[in-house]
Amino acid sequence: MNGLIHHIDLNASDLAASKRVYGLLLDALGYTCVREDGECEWDIRTPQGFASIGLKQARLSGPAHERYAPGIHHLAWSVENRAEVDRIHALLRDAGARILDAPALYPEYSADYYAVFFEDPDGIKLEVLNAPSFSKR
């Protein structure tokens, strides 16, 4: 399928701390860790295609991530149902991830948009959602 995102690489100020959050999240979403050699990479194959998410140790220090500055605002992953959103929220909460907003409905996005919002250790906003009608627009 043309146009799907193939891969995203993120720089982390603390690779080990970021690996704990992304590893927990991506494993729960069905990704497979395929690389852990100073960098980390998780891959997933679906009927729609292939995607990869990588983490690299940042080589430069800089200001904390600001989601309203140029660059990434947030990353979001969809799941099959609300129970998956709740399950992943519980995993992240129990692991000490910074939860921004517990699972809830967000009707301003669509009538059935159910999501949890959280941050990685560098302050990048992440989201897991279920919104069947949103994906059909």
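If you count the sequence shown from 1, position 45 lands on 45 in the UniProt record's numbering, and the numbers rise without skipping.
Using N, Cα and C, we set each Cβ at its ideal position, and we do this for glycine too.
Hey, could you find the ends of the beta strand (DSSP E) residue i is sitting in?
i       : result
Arg-67  : First-last for Arg-67: undefined, no H or E at that position.
Leu-92  : No beta strand (DSSP E) contains Leu-92, which is instead part of the alpha helix (DSSP H) from 82 to 94.
Asp-112 : Taken as a continuous stretch (DSSP letters only), Asp-112 belongs to no beta strand (DSSP E), as it is neither H nor E.
Gln-57  : 49 to 57
Glu-127 : 125 to 130
Ser-78  : 74 to 78
Ile-5   : Taken as a continuous stretch (DSSP letters only), Ile-5 belongs to no beta strand (DSSP E), as it is neither H nor E.
Glu-36  : 32 to 36
How would you label residue i, buried or exposed, when you count the other beta carbons within 10 angstroms and need 16 or more for buried?
i       : result
Pro-103 : buried
Val-34  : exposed
Ala-69  : exposed
Ala-97  : buried
Ile-72  : exposed
Pro-121 : buried
Leu-60  : exposed
Leu-126 : buried
Ala-12  : buried
Leu-55  : buried
Leu-92  : buried
Candidates the options: which alpha carbon is nearest residue i's?
i           : options                              : result
Ala-83      : Glu-108, Arg-93, Tyr-114 and Lys-19  : Tyr-114
Glu-41      : Ile-8, Ala-58, Glu-66 and His-65     : Ile-8
Val-86      : Leu-29, His-6 and Asp-14             : For the record, residue 86 in the displayed sequence is Asp; it is not Val. Answer by Cα proximity: Leu-29.
Leu-25      : Gly-62, Phe-134, Ala-76 and Arg-67   : Ala-76
Phe-134     : Glu-80, Ile-99 and Arg-45            : Glu-80
residue 138 : Gly-49, Ala-64 and Leu-15            : In this structure the chain extends from 1 to 137, so residue 138 is not present and cannot be described.
Glu-66      : Glu-119, Pro-132, Val-128 and Gln-57 : Glu-119
Val-116     : Leu-10, Leu-100 and Ala-95           : Leu-100
Leu-10      : Ser-110, Asp-43, Gln-57 and Gly-38   : Gln-57
Run through DSSP, which three-state label would residue i get?
i      : result
Asp-43 : strand
Asp-27 : helix
Ser-18 : helix
Hey, could you find the ends of the alpha helix (DSSP H) residue i is sitting in?
i       : result
Ala-104 : Ala-104 -> not in any alpha helix (DSSP H); beta strand (DSSP E) instead, spanning 98 to 105.
Return the Cβ separation of residue i and residue j in integer angstroms, given the expectation that the two are a contact with Cβ distance under 8 Å.
i       : j      : result
Asn-130 : Ser-78 : 7 Å
Ile-5   : His-74 : That belief does not hold up - the Cβ atoms of Ile-5 and His-74 are roughly 14 Å apart, past 8 Å.
Arg-20  : Ala-90 : Between Ala-90 and Arg-20 the Cβ distance is about 16 Å, and since that is not below 8 Å, they are no contact.
Quick check: does the Cβ of residue i come within less than 8 Å of any heavy atom belonging to the ligand FAD?
i       : result
Asn-130 : Within the structure as shown, the ligand FAD is missing, as the structure has no ligands at all.
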